[in-house]
Amino acid sequence: MSFLNHDDQIRAKAEPWMGGVAIAAFGRLNNGDTKVATIKWETIAQNAEMRPLLMINHTHAQVLMDDLWNAGIRPTDGAGTAGAMRAAERHIADLRQIAFKALGIQ
Numbered sequence: 031m032s033f034l035n036h037d038d039q040i041r042a043k044a045e046p047w048m049g050g051v052a053i054a055a056f057g058r059l060n061n062g063d064t065k066v067a068t069i070k071w072e073t074i075a076q077n078a079e080m081r082p083l084l085m086i087n088h089t090h091a092q093v094l095m096d097d098l099w100n101a102g103i104r105p106t107d108g109a110g111t112a113g114a115m116r117a118a119e120r121h122i123a124d125l126r127q128i129a130f131k132a133l134g135i136q
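Residue 136 is where the sequence shown ends in our numbering, and the numbering goes up by one at each step.
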């Protein structure tokens, strides 16, 4: 298993008619042809070490994450920016209740 080459790409886009997200890994060969990654299922022995499907560098991971975000995929509650914002909103609501109570405002 190796990383994608620098000029290779891994991209994602929403496929609403299929109910999901399409992910493709591809690149250009020196002769101008396009190469694409495909998945080949293999059977491994019980308790055998499982190799990763794909290894990508941080730049490729960021592009993939941005594409997934643009496709409507968001972090699960409690994770990432969306979860942090909800936690901050709950904290502000709690502080507001405390302040109103202390000021005698109902």
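Note that CB positions come from ideal geometry on N, CA and C, so glycine has one too. If you're wondering where the values come from, they're calculated on a predicted model, not measured in any experiment.
Going by DSSP, what residue range makes up the beta strand (DSSP E) through residue i?
| i | result |
| --- | --- |
| Thr64 | Thr64 to Val66 |
| Glu79 | Note, Glu79: premise wrong, no beta strand (DSSP E); not H, not E. |
| Glu45 | Gln39 to Glu45 |
| Ile58 | Residue 58 is actually Arg in this sequence, not Ile. Where Arg58 is concerned, the enclosing beta strand (DSSP E) stretches over Gly50 to Arg58. |
Could you check how far apart the C-beta atoms of residue i and residue j are, in whole angstroms? I think they sit under 8 angstroms.
| i | j | result |
| --- | --- | --- |
| Ile40 | Ile53 | 7 angstroms |
| Leu34 | His90 | 6 angstroms |
Kindly indicate the opening and closing residues of the alpha helix (DSSP H) around residue i.
| i | result |
| --- | --- |
| Ala91 | His88 to Asn100 |
Can you determine whether any heavy atom of the ligand PLP sits closer than 7 angstroms to the C-beta of residue i, and answer yes or no?
| i | result |
| --- | --- |
| Asn100 | The ligand PLP is not part of the structure shown, which contains no ligands of any sort. |
Per DSSP, what are the beta-bridge partners of residue i in this structure?
| i | result |
| --- | --- |
| Gln127 | Note: Gln127 sits in no beta bridge, so no partner. |
| Ile135 | Per DSSP, none; premise fails for Ile135. |
For residue i, which residues from the same chain have a beta carbon less than 7 angstroms from its beta carbon, with the 5 sequence-adjacent residues on both sides left out?
| i | result |
| --- | --- |
| Trp47 | none |
| Glu45 | Val51 and Ala52 |
Taking 6 angstroms as the limit between beta carbons, can you name the residues of its chain near residue i, skipping five residues before and five after?
| i | result |
| --- | --- |
| Val20 | Since the first residue shown for the chain is 31 and the last is 136, residue 20 is missing from the structure and cannot be characterised. |
| Leu98 | Ala42 |
Buried or exposed: residue i, going by 16 or more other Cβ atoms within 10 Å of its Cβ?
| i | result |
| --- | --- |
| Asp96 | exposed |
| Ala132 | exposed |
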